[in-house]
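A.B. asks: Once you've had a glance at the structure underneath, I'll fire off some questions.
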Amino acid sequence: MCARDLATTHGDRLSERGPDAILVQMTTAQSLVGLDEILAARERIAGRVHRTPLLSSATASRFLREAGGPRLAGDRLYVKAEHLQKTGSFKARGMTNRIATLDADQRARGAITMSAGNAGQAYAWAGREAGVPVTVVMAAAANPTKVQACRDYGAEVVLEGSHVGEAFAALERIRAERGLTFVHPFEDAAVIAGHGSVGLEILEDLADVDVVVVGVGGGGLISGVATALKEQRPGVRVYGVEPSGAPAMTVAFAAGEPVPINPVTVADGLAAPFAGALTLAMCRRYLDGLYELDDATILAGVRFGIDRMKQVLEPAGAAALAAVLFGRIPIRDGERVAVLASGGNIDTARIGELIAAAEPLPTSLGGGRRDD
Ligand SMILES: Cc1ncc(COP(=O)(O)O)c(C=O)c1O
146 MCARDLATTH GDRLSERGPD AILVQMTTAQ SLVGLDEILA ARERIAGRVH RTPLLSSATA
206 SRFLREAGGP RLAGDRLYVK AEHLQKTGSF KARGMTNRIA TLDADQRARG AITMSAGNAG
266 QAYAWAGREA GVPVTVVMAA AANPTKVQAC RDYGAEVVLE GSHVGEAFAA LERIRAERGL
326 TFVHPFEDAA VIAGHGSVGL EILEDLADVD VVVVGVGGGG LISGVATALK EQRPGVRVYG
386 VEPSGAPAMT VAFAAGEPVP INPVTVADGL AAPFAGALTL AMCRRYLDGL YELDDATILA
446 GVRFGIDRMK QVLEPAGAAA LAAVLFGRIP IRDGERVAVL ASGGNIDTAR IGELIAAAEP
506 LPTSLGGGRR DD
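Here it is as structure tokens:
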């Protein structure tokens with residue numbers, strides 16, 4: 146079936162609401178992204194981003210069984226290591242692809258984006274690689290590690306607004322003043338297509354995968370990954386995980402259109418102020434389920450990554466792992482399961498504090514040892 150028929154006009158309906166003018170601009174409906182666009186994006190970004198490894202954890206599988214959960218195929222949980230990607234998150238893929246779509250005039254004037262961090266970092270980096278000046282607008286309370294990283298990649302960072310939603314107003318003002326091209330953190334076909342290359346790689350490394358679990362913010366990542374997987378292997382089940390304090394996609398599913406939320410979560414990478422119309426349409430087409438996790442459970446994923454896998458994941462990057470570890474994803478005995486470790490840009494000064502706030506792991510699986 147052709148996925149493109151399902152593009153929505155939710156952006157038009159939203160435009161009838163006066164106060165949501167900025168939101169409208171961010172959610173104009175577009176055609177759903179197809180496998181052909183993902184394959185083309187992969188070619189375009191090849192050699193510019195890493196082909197990341199697929200790690201695995203036997204301890205995660207044992208954890209699940211000891212908690213009364215299913216036995217995973219091969220007694221392992223597979224972990225796609227996008228925290229080892231350039232810029233520390235999968236975003237380097239989609240943002241490299243998006244910057245490549247700018248024409249000569251747009252490249253010369255520069256691009257502007259809004260981001261709690263990882264999208265800004267990736268656009269800053271991709272812009273520098275392509276010789277395109279990038280401005281990143283962030284809420285004043287943004288993660289300082291991510292702010293600094295954007296500056297280190299050469300971007301101009303503007304800190305304005307008390308939360309992500311307010312920062313959009315600043316962005317619109319600066320964009321108009323300077324004639325910059327707005328490049329979206331998630332609601333964009335080129336971004337989604339670039340992210341979809343993660344799904345292609347998962348299938349290359351694990352052709353018989355049954356279940357893939359992905360953290361959801363605005364929905365760009367899971368839209369691309371789910372398309373890449375399901376257009377090649379329709380039987381694969383794809384589940385999304387959102388923080389219970391930032392359920393933008395769950396709320397959009399219920400309403401049938403993007404709805405602004407006020408996100409409150411430790412997983413700043415998943416704290417999107419709304420899902421997109423395009424990402425909502427793609428998620429409706431391809432997702433098998435969406436699950437919410439509280440912050441303490443998400444942080445247990447961060448702790449498991451460090452304690453047992455010796456991998457540094459940020460909370461957003463550990464949400465999918467945590468959801469499987471705590472038995473929140475419907476998995477049947479003998480299934481082959483992969484989670485996406487989507488980012489590792491944690492504020493290192495806060496790691497101890499974050500781990501102390503984590504839901505405890507069973508003592509038999511506590512810290513100190515290396516995974517087997
Ligand atoms: C580490 C990490 N994981 C997942 C996501 C979610 O991606 P999306 O907003 O495309 O759903 C983000 C977004 O910033 C992120 O930074």
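Letter by letter, the sequence shown follows residues 146 to 517 of this note's numbering.
Where a beta carbon is used, it is the ideal one built from N, C-alpha and C, also for glycine.
Just so it is clear, the structure is predicted and the values come from calculations on it, not from any experiment.
Which partner residues does threonine 258 have in the DSSP bridge list?
C.D. replies: Val281
A.B. asks: Is asparagine 242 near ligand 1, with its Cβ less than 6 Å from a heavy atom?
C.D. replies: no
A.B. asks: If the criterion is Cβ atoms closer than 7 Å, does the pair glycine 265 and valine 281 meet it?
C.D. replies: yes
A.B. asks: The alpha helix (DSSP H) spanning valine 336 covers which residue range?
C.D. replies: For valine 336, the enclosing alpha helix (DSSP H) begins and ends at 334 to 350.
A.B. asks: Does the CB of alanine 264 have a neighbour CB from chain B at under 7 Å?
C.D. replies: Any reference to chain B falls outside this structure, which holds one protein chain only.
A.B. asks: The alpha helix (DSSP H) with proline 289 in it runs from where to where?
C.D. replies: 289 to 297
A.B. asks: I believe valine 279 touches glycine 255 by the beta-carbon criterion, under 8 Å. Please report the beta-carbon distance rounded to the nearest angstrom.
C.D. replies: 6 Å
A.B. asks: Can at least three beta-carbon pairs, one atom from the region 222 to 240 and one from the region 481 to 488, be found at a separation below 8 Å?
C.D. replies: yes
A.B. asks: Taking 7 Å as the threshold (C-beta atoms), are arginine 243 and alanine 373 in contact?
C.D. replies: If you check the CB distance, alanine 373 and arginine 243 do not come in under 7 Å.
A.B. asks: Under the assumption that arginine 320 contacts phenylalanine 327 (Cβ atoms under 8 Å), give the Cβ distance between them as a whole number of angstroms.
C.D. replies: 5 Å
A.B. asks: Taking the alpha-carbon positions, what's the arginine 453 to arginine 382 distance?
C.D. replies: So the alpha carbons of these two residues sit roughly 26 Å apart.
A.B. asks: Any heavy atom of ligand 1 inside 6 Å of the beta-carbon of valine 447?
C.D. replies: no
A.B. asks: Let me confirm a value: glutamate 498 is counted as buried when at least 16 other C-beta atoms fall within 10 Å, else exposed. Which label applies?
C.D. replies: Exposed, because fewer than 16 other Cβ atoms sit within 10 Å of the Cβ of glutamate 498.
A.B. asks: Would you kindly check if the distance between the Cβ of glutamate 387 and the Cβ of methionine 394 is under 7 Å?
C.D. replies: Yes. Within cutoff.
A.B. asks: Starting from leucine 325 and walking both ways along the beta strand (DSSP E), at which residues does that stretch end?
C.D. replies: Where leucine 325 is concerned, there is no enclosing beta strand (DSSP E), given that its DSSP letter is neither H nor E.
A.B. asks: Using only CA atoms, which one of Ile190, Val354, Gly472 and Ile491 lies nearest to proline 379?
C.D. replies: Val354
A.B. asks: By DSSP, does valine 359 sit in helix, in strand, or in coil?
C.D. replies: In this structure, DSSP gives valine 359 an extended state, which the three-state scheme calls strand.
A.B. asks: In the DSSP assignment, the beta strand (DSSP E) including valine 396 goes from what residue to what residue?
C.D. replies: Here valine 396 belongs to no beta strand (DSSP E); instead the alpha helix (DSSP H) covers 393 to 400.
A.B. asks: Kindly indicate which three-state DSSP category proline 418 falls into: helix, strand or coil?
C.D. replies: Proline 418: coil per DSSP, three-state reduction.
A.B. asks: How is lysine 225 classed by DSSP in three states: helix, strand or coil?
C.D. replies: strand
A.B. asks: Locate the beta strand (DSSP E) running through alanine 483, then write down its first and last residues.
C.D. replies: 482 to 486
A.B. asks: Could you give the distance in angstroms between the alpha-carbon of serine 201 and the alpha-carbon of leucine 229?
C.D. replies: 14 Å
A.B. asks: With distance defined between alpha-carbon atoms, name the residue in Gly434, Pro330, Gly239 and Ala422 nearest to alanine 186.
C.D. replies: Among Gly434, Pro330, Gly239 and Ala422, the Cα nearest to that of alanine 186 belongs to Gly239.
A.B. asks: Specify, as a first and last residue, the run of the alpha helix (DSSP H) that serine 368 falls within.
C.D. replies: Its alpha helix (DSSP H) spans residues 365 to 375.
A.B. asks: Within its chain, find whatever has a CB closer than 7 Å to the CB of aspartate 478; leave out the 5 residues flanking it on each side and keep chain order.
C.D. replies: Pro215 and Arg216
A.B. asks: Can you tell me the Cα-Cα spacing of alanine 420 and asparagine 263, whole angstroms?
C.D. replies: Each residue's CA atom was taken as its position, placing alanine 420 and asparagine 263 some 17 Å apart.
A.B. asks: Exposed or buried, what is arginine 196 when buried is set at 16 or more other beta-carbons lying within 10 Å of its beta-carbon?
C.D. replies: Using a 10 angstroms sphere on the CB of arginine 196, the tally of other CB atoms stays under 16, which defines it as exposed.
A.B. asks: Where serine 307 and alanine 284 are concerned, what is the direct C-alpha to C-alpha distance, given to the nearest angstrom?
C.D. replies: 6 Å
A.B. asks: Whole angstroms is fine: what's the gap from tryptophan 270's alpha carbon to glutamate 211's?
C.D. replies: 43 Å
A.B. asks: Ligand 1 and phenylalanine 208: does any heavy atom of the ligand fall closer than 6 Å to the residue's C-beta?
C.D. replies: no
A.B. asks: Straight-line CA distance for glycine 472 to glycine 434?
C.D. replies: 14 Å
A.B. asks: Kindly list the residues whose CB is nearer than 7 Å to the CB of isoleucine 190, restricted to its own chain and excluding five residues on each side of it in sequence; keep chain order.
C.D. replies: Arg238, Thr241, Asn242, Gly339 and Ser342
A.B. asks: Under the three-state reduction of DSSP, which class applies to proline 505: helix, strand or coil?
C.D. replies: coil
A.B. asks: Please report how far the alpha carbon of aspartate 181 lies from the alpha carbon of proline 330, in whole angstroms.
C.D. replies: 22 Å
A.B. asks: Between arginine 193 and the rest of its own chain, which residues show a CB-CB distance below 6 Å, the 5 nearest in sequence each way excluded?
C.D. replies: Thr241
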